[in-house]
Amino acid sequence: MHARQGLLLQWLCRAFQVKTALELGTFTGYSTLCMALVGVRVVSIERSAGQAAVAREFLERAACRLEGLRPGNINNNSSNNNSNNNSSNNNSNNNNSNNNDNDNNNNNNLLGLMDLRVGDARALLPALQAALLQPALFVAEGQHFDLVYIDADKKSYPSYYNLALRGGLVNPSGILLADNVLFRGHVLARHAAEPPAQAEQGSPGDARNQRIAAALDAFNCLALAGSQTEGVILPGKDGLAVAWHREAREEQSGH
1 MHARQGLLLQ
11 WLCRAFQVKT
21 ALELGTFTGY
31 STLCMALVGV
41 RVVSIERSAG
51 QAAVAREFLE
61 RAACRLEGLR
71 PGNINNNSSN
81 NNSNNNSSNN
91 NSNNNNSNNN
101 DNDNNNNNNL
111 LGLMDLRVGD
121 ARALLPALQA
131 ALLQPALFVA
141 EGQHFDLVYI
151 DADKKSYPSY
161 YNLALRGGLV
171 NPSGILLADN
181 VLFRGHVLAR
191 HAAEPPAQAE
201 QGSPGDARNQ
211 RIAAALDAFN
221 CLALAGSQTE
231 GVILPGKDGL
241 AVAWHREARE
251 EQSGH
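So this is what it looks like as structure tokens:
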């Protein structure tokens with residue numbers, strides 16, 4: 001995500017009055033930061049522990065520069081210790097609360113708005129459906145996110161969509177965003193009147209690209225013209241899908 005996409009993401013958060021967001025795929029944490037900067041509380045799930053460490057360092061440095069907060073305060077959870085360490089984490093938080101100048105527990109500061117979790121989103125989403133992983137900052141927000149932003153394993157986009165929508169993770173008046181849905185033109189090429197040049201046909205790379213394009217094509221059909229949601233693709237960069245519940249749109253239009 002580049003700077004202009006970040007501005008677009010912030011505009012969408014403001015336009016749809018987003019207060020809570022679920023992000024699938026943290027990468028460097030830039031999109032996480034963009035949402036937090038406009039007051040959105042973000043749970044971001046990153047599959048790679050190494051990449052999550054890079055993102056955590058970036059977010060802490062950014063918060064230190066923007067707010068003068070001390071490093072080390074960003075929420076740090078993983079799929080392996082969420083269920084086993086809840087009680088110990090609560091005790092630790094209580095013991096340390098007097099030493100951290102309230103930075104850890106103040107949801108209004110930048111770091112308090114970002115909750116980075118490590119694990120496979122396909123495994124973590126069912127737990128989110130049950131209790132949103134019980135993060136304290138969402139206790140008063142109910143069981144929905146105002147925005148779900150997908151920027152992860154492209155072949156799994158249809159699975160992420162089904163888990164998020166069927167699991168009720170998206171607020172009825174909320175939106176679902178998905179990045180890279182045109183995938184370097186491969187998705188559009190599937191619908192071209194004439195097939196693209198076959199120079200790479202049969203190569204491992206071409207077969208992989210075709211699998212990814214097929215998955216994204218299926219996702220686009222589900223998200224933009226499915227039974228539950230509708231939406232549009234913004235063509236800038238590599239395609240950003242913006243989808244919303246059909247019922248919410250029909251209620252707003254009075255039909």
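Last residue of the sequence shown? That's 255 in UniProt numbering, and every number before it is there in order. By construction, the Cβ of each residue, glycine as well, lies at the ideal position given by its N, Cα and C atoms. A quick note: this is a predicted structure, and the numbers were derived from the prediction, not measured.
Under the DSSP definition of a beta bridge, Ser44 partners with Glu23, Leu116.
Taking the Cα of Leu234 as reference, the smallest distance to any Cα among Asn220, Ser227, Arg246, Gln228 is reached at Asn220.
The beta-carbon distance between Val42 and Met114, rounded to whole angstroms, is 5 Å. This is short enough to meet the 8 Å contact definition. With a contact defined as Cβ atoms closer than 8 Å, Thr20 and Asp146 qualify at about 5 Å. Within the DSSP bridge table, the entry for Trp244 names Ile175, Glu230 as partners. For the pair Leu224 and Glu230, the CB atoms are nearer than the 8 Å cut-off.
Taking each of Leu9, Leu24, Glu23 in turn and checking the Cα distance to Gln17, the smallest one comes out for Leu9. If you look at Leu182, you'll find it isn't in any beta strand (DSSP E); DSSP assigns it neither H nor E.
No Cβ-Cβ contact shorter than 8 Å links Val54 with Thr32. Contact check for Val170 against Val148 passes: the beta carbons are separated by less than 8 Å.
Under the DSSP assignment, Phe145 falls in the beta strand (DSSP E) whose first and last residues are 145-150. Residue pairing by DSSP places Ala225 opposite Glu230 in a beta bridge. For the 8 Å CB-CB criterion, His144 and Gly174 form a contact. Taking the Cβ atoms as the reference, Ile150 lies roughly 7 Å from Gly25, within the contact range of under 8 Å. Scanning its chain for C-beta atoms nearer than 7 Å, with the 5 sequence neighbours on each side dropped, one finds around Leu216 the residues Lys154, Tyr157, Val181, Phe183, Val187, in chain order.
Beta-bridge analysis with DSSP links Val18 to no other residue. Between Pro172 and the set Asn162, Ser44, His245, Gly119, the nearest pair of CA atoms involves His245. Sequence-distant Cβ neighbours of Ser44 in its own chain, meaning closer than 6 Å and more than five residues away, are Glu23, Thr26, Thr32, Leu116. A buried status is given to Leu59, since no fewer than 16 other beta-carbon atoms sit within 10 Å of its beta-carbon. Gly50 counts as exposed, since fewer than 16 other beta carbons sit within 10 angstroms of its beta carbon. Taking every protein chain shown into account, the CB of Val232 has fewer than 16 other CB atoms within 10 angstroms, so this residue is exposed.
Closest in C-alpha terms to Leu111, from the list Glu247, Glu57, Gly226, comes Glu57.
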